[in-house]
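Here's the structure, in structure tokens; my notes come after.
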Amino acid sequence: MAEAQPATTGHDIGTWCWHQRHATPCRVIDRQEMWGELAYRVWLPAKDAVVRARAAELATLDSVAPSVDHILHTSAAAKLLDAQEDDLLLAPIQSSVVPLPHQLYALNRAMSSHRVRYLLADEVGLGKTIEAGLVLRELKLRGMARRILVVAPKGLVRQWQAEMRLHFNEKLQYIDPAELVAFRPWRNDEDNLWRMHDQVIVSLDSVKPIEGRRGWSLDQLNQYNRERFEDLISAGWDLVIIDESHRMGGSTDQVARYKLGAALAEASPYLLLLSATPHQGKTDQFLRLMQLLDREAFPDEGSVSRDRVRPYVIRTEKRLAINAEGEPLFKPRMTRLFPVAWQERHTAQQRLYEAVTDYVRHGYNQALAAKQRHIGFLMILMQRLVTSSTAAIRATLEKRQALLDTPQSQSDLFETADWDEWAELDGQAQADIAVQTAGWAQEKAEVDLLLDLARETEAQGTDAKAEALLELIYKLQQEENDPALKVLVFTEFVPTQAMLAGFLESRGFSVALLNGGMDLDARAKAQQAFSRDVRVLISTDAGGEGLNLQFCHVIANFDMPWNPMRLEQRIGRVDRIGQRHVVRAINFVLEDTVEHRVRQVLEEKLAVIAEEFGVDKASDVMDSVEAEPLFDELFVHGLQNPTSIEQECDAVIDQVREKVVDARKTGELLSDGHVLEADDARKWRDHPAQFWLERALTAGLPARGGAAIREGDAWRIKWADGSESARACFDARTSEERPDLEWITLEDPRARAVISELPRWVAGQPLPCVRVDGLPDAVKGIWSLWEVSLSAPGFNRRRFLPVFVNDDGRAFMPTAKRVWDLLLTERVECWGTFAAEGSAERYESSLAAAKNQGERLFSSLLDEHRTRLNEERERTRYAFESRQQAIGRIGLPAVREHRRKRLNAEHEARMAALEDAAACIPDLNAVLMLRFSAIEGAESKA
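Quick note on numbering: the working numbering labels position 702 of the sequence shown as 1997, and the sequence is numbered without any gaps.
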């Protein structure tokens, strides 16, 4: 609006005037003259607030000349607000990631309800982390979330940090609770150190509560639980994301992980649970998982039905997933076992393998007899080490010898950790811990002999599998006619990694390394080097966590974890969304070994299951941690009794088959039968919302005490609060190309303030006379924009309605929509104003058309409101009836009656609140009115 002059005689009570500081019409409700000063109390309809105003702040309505900036700001800001109410998704527009159809479906479903509490249960490999990131961004961009907590297994923490930073430019601060001890001297009792960062990621087992620990006093226990658990829960999170959430189900509701999950579920209004295998055939655990989302909707196992589960679960199956062109998302893969034969020159290495295997058999039997679990773990590791490389077993035997020379107590891990914690560690981390455990009588003599043999073997020449790997790389280069073919090599152990790096580099190959000891920056550099010139990347399992290596399609598993699920995780680094080639996975195994025989039989039988059930791979239906002991036991039994391998494999396969059958039933429970549309994904690529944001902000800031100045390909912005953005842009693509520019999104509260404050338009305001490019001269009449709203306790919605009434008094909806579109994209010229006397009459005719056309819009808001209330009533009744039945099973009459009265009171209060919410208030207000075409009596613009 143009600058207006304050009235000299003052304003009467009940009259409309213009509040210059708020840039909006206001109505005088009180005036007071005292000691020569005139002061007012005025009502601001745009904010529904009464404020005090000095006379100098108020001007007459007819003295205010609307500006082009005012028109541009209002039309663009209203378009953004309306689109958000009409399910516009901001995250795909204001993030660097373009969602795939199933990810867009997940985001749409998640944001379709006011209760953003869902289980993201897509099958393995479909990008649940990306889906959670999209929901995170959407909540932030809408101003609904600021404080974010991600809880994930330790092995997935880096993946989360990397993907959030890469795709969403979101930083998750990793906090190791053990480091909080350092702050104790400086903290007060009221301090909560979890509030230091707004976006935090923690490992699941580092923050669960404990009930006791050997040698700890009650004070130590309370201090531990306060710092790690209680303070975390009370830190005021807006959104909590729990990855691999099926591990929160627990065997009972007293398990520490479930207690953590239950507390986190109550600590945040928004909750996302991620799991590809949420049910696993255990209804009680699945019930506890669903109770984290909504305890009232799932009071007992009888409530776990498809109809009740469906509203809380978002799931896509891999066979249904498509890309933006509508093509299947995943290509086939080629996986083959690659047996490596012992040559005569490898006699020493074969002897070492056999000697270590005897040592392992003896040690494992010793562990069974003495019930020493830690020795059993160590033996499993020793067997995997010797099949990995001579370097790996030699390095570990050296550590073992050093420990046995100076005996220590066994590692605390075996006293304090559960199986899940151990199974989540990679092979190298397990070896580092297990090697520190206490030994048995005569073990030192065995280790000394084995170490001498290992050193002798290493000195005699190269590793049999290393030679085979080199030959394979040369062969693959010829087969694919690509001398620069990239190969990803996986090993469980760092000494094997170092041996292979030296071996390949000495033969002219460029090599990059990844392992669990590297930080995020070092990992990123290694990944970048591999994507450019480096031909071979050698990674440990921990190093490979979170890697996206779609540019490589050949993977060599130099050694194989016994658990096939871990093998799938490795192959998943290249067999990912976006892979353009058929993935070739080559799995090395030494011939004439127990491992070779077990693997052969196991893979034959797994292939039968795949054929029988159409399962892509076992990891689609089994959790890796759950599968770990199953396969450890299989291989150990194979070592102890090689003749029983076939029988042992059959027993394992029977369990896998049960899992597949359960998974099929679970799929029916979780599936909603949705159809994915490629068109929906494509439309987000060039969505104009970012341009609407740019126009609304740059046009709206000057009237609010700010400024926006275009400087080349960037904007210099001065915000209304006095802060500045020296070099800024508004779209994701520019931000990605120009990291030096500040990217302005609706997440910025300064931007949201400018967008959300739309002034009202009242009868008597002079109408601006407008021309807009692209609109024919024959279009003559009044165009207006109206806010249709509904308000009720806990429910406020608004939509915007364009209205066009021509000079003959007829309303045309298509013309109204066309004008709004042109105001958002074309040049607008404001060349004069229509006299105030005539504008009041035009206001009334536009209001009548808006009432007529807006009824349907209001009805849709009312239907949404009633649907939500009905859902809430049904949910409340179901929970009440289930709890009534539970109370009826209580044996003591007095207790039963007391609980029944309390439940009835709570139920009546809740139902009364829902009845209050049924009484809603409609409202209709104009935010902008324009006159198109010159008319007689128009006043020229000053």
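Virtual Cβ for every residue (Gly too), placed ideally from N, Cα, C.
message: Between the alpha carbons of Ser1512 and Glu1506, how many angstroms are there, rounded?
response: 11 Å
- prompt: Got a sec, what are the start and stop residues for the beta strand (DSSP E) His1317 sits in?
  reply: Per DSSP, His1317 belongs to no beta strand (DSSP E) and is neither H nor E.
- prompt: Residues in its own chain within less than 6 Å of Leu1566 by CB, not counting five upstream and five downstream?
  reply: So the qualifying residues of the chain are Arg1412, Val1535, Ala1560.
message: By the DSSP assignment, the alpha helix (DSSP H) with Ser2030 in it spans what residues?
response: 2027-2032
query: What whole-angstrom Cβ distance do Arg1830 and Lys1781 have, given they're in contact under 8 Å?
result: 6 Å
- prompt: Which whole-angstrom value is the C-beta distance of Ala1372 and Leu2041, which I expect to be below 8 Å?
  reply: Between Leu2041 and Ala1372 the Cβ distance is about 11 Å, and since that is not below 8 Å, they are no contact.
query: So what's Val1789 in DSSP terms, helix, strand or just coil?
result: helix
message: When you measure from the CB of Gly2076 to every non-hydrogen atom of the ligand FAD, does any distance come out below 6 Å?
response: Absence of the ligand FAD is noted for the structure shown, with no ligands found whatsoever.
field: Cβ pair Val1363, Val2123 closer than 7 Å
entry: Closer than 7 Å, so yes.
- prompt: For the beta strand (DSSP E) that Gly2076 lies in, which residues bound it at each end?
  reply: Note, Gly2076: beta strand (DSSP E), 2076-2087.
field: Gln1755 versus Arg1640: straight-line alpha-carbon distance, rounded
entry: 9 Å
query: In whole angstroms, what is the alpha-carbon distance linking Gln1580 and Gln1494?
result: Near 29 Å, if we compare the C-alpha coordinates of Gln1494 and Gln1580.
message: Please report the distance separating the alpha-carbon of Ser2079 from that of Pro2097.
response: Each residue's alpha carbon lies about 6 Å from the other.
- prompt: What residues in its chain sit with their C-beta under 6 Å from that of Ala1690, if we drop five residues either side in the sequence?
  reply: Pro1790
field: Same chain only: Cβ atoms within 7 Å of Ala1779, ignoring 5 sequence neighbours per side
entry: In the same chain as Ala1779, and ignoring 5 residues on each side of it, the C-beta atoms closer than 7 Å to its own belong to Arg1830, in chain order.
- request: State the beta-bridge partners of Thr1630 as determined by DSSP.
  value: Its beta-bridge partners are Ala1880.
- request: Could you pull the start and end residues of the alpha helix (DSSP H) that Asn2199 belongs to?
  value: 2188-2213
task: Take every Cβ of the region 1394-1409, pair it with every Cβ of the region 1610-1621, and state whether three or more of those distances are shorter than 8 Å.
output: Counting Cβ pairs under 8 Å, three or more are found: they touch.
field: Pairwise C-alpha distance: Arg1894 and Val1903
entry: 14 Å
Length at least 4, wholly inside the region 1661-1690: the alpha helix (DSSP H) runs in chain order: If you keep only unbroken alpha helix (DSSP H) runs of at least 4 residues inside the region 1661-1690, you get 1668-1683.
message: Give me the residue from Phe2227, Ala1592, Tyr1659, Val1730 with the minimum Cα distance to Gly2069.
response: Phe2227
task: Give me the Cβ distance between Phe1926 and Trp1857, rounded to the nearest whole Å; I'm assuming they're in contact under 8 Å.
output: Rounded, the Cβ-Cβ distance is 5 Å, consistent with contact.
- request: May I ask you to list the residues that DSSP assigns as paired with Tyr1335?
  value: Arg1326, Ala1348
- prompt: Of all the options Arg1410, Ala1378, Lys1342, which has the alpha carbon lying nearest to the alpha carbon of Gly2089?
  reply: Arg1410
message: Please give the ranges of any alpha helix (DSSP H) in the region 1808-1832, keeping only runs that are unbroken, at least 4 residues long and fully inside the region.
response: 1815-1827
message: Considering only DSSP beta bridges, list what Glu2019 is partnered with.
response: Lys2013
message: Could you give the first and the last residue of the continuous alpha helix (DSSP H) run that contains Ser2051?
response: 2044-2051
- request: Grab the span of the alpha helix (DSSP H) containing Ile1388 for me, first residue to last.
  value: Where Ile1388 is concerned, there is no enclosing alpha helix (DSSP H), given that its DSSP letter is neither H nor E.
- request: Would you tell me roughly how many angstroms separate the C-alpha atoms of Ser1370 and Val2049, rounded to the nearest one?
  value: Approximately 13 Å between the Cα atoms of the pair.
query: Should Ala1807 and Ala1793 be called a contact, given that it needs their Cβ atoms to be closer than 7 Å?
result: Their beta carbons are not under 7 Å apart, which means Ala1807 does not touch Ala1793 by this criterion.
query: How about Leu1415 and Leu1569: are their beta carbons less than 7 Å apart?
result: yes
message: What would DSSP say about Ser1834, mapped onto helix, strand or coil?
response: strand
- prompt: Hey, which unbroken runs of the beta strand (DSSP E) at 3 residues or more fall wholly within the region 2114-2153?
  reply: 2123-2129
field: Among Trp2014, Pro1983, Leu2036, Asp1981, nearest to Glu2006 - alpha-carbon criterion
entry: Leu2036
Which of helix, strand or coil DSSP assigns to Val1951: helix
- request: Kindly indicate which three-state DSSP category Asp1589 falls into: helix, strand or coil?
  value: coil
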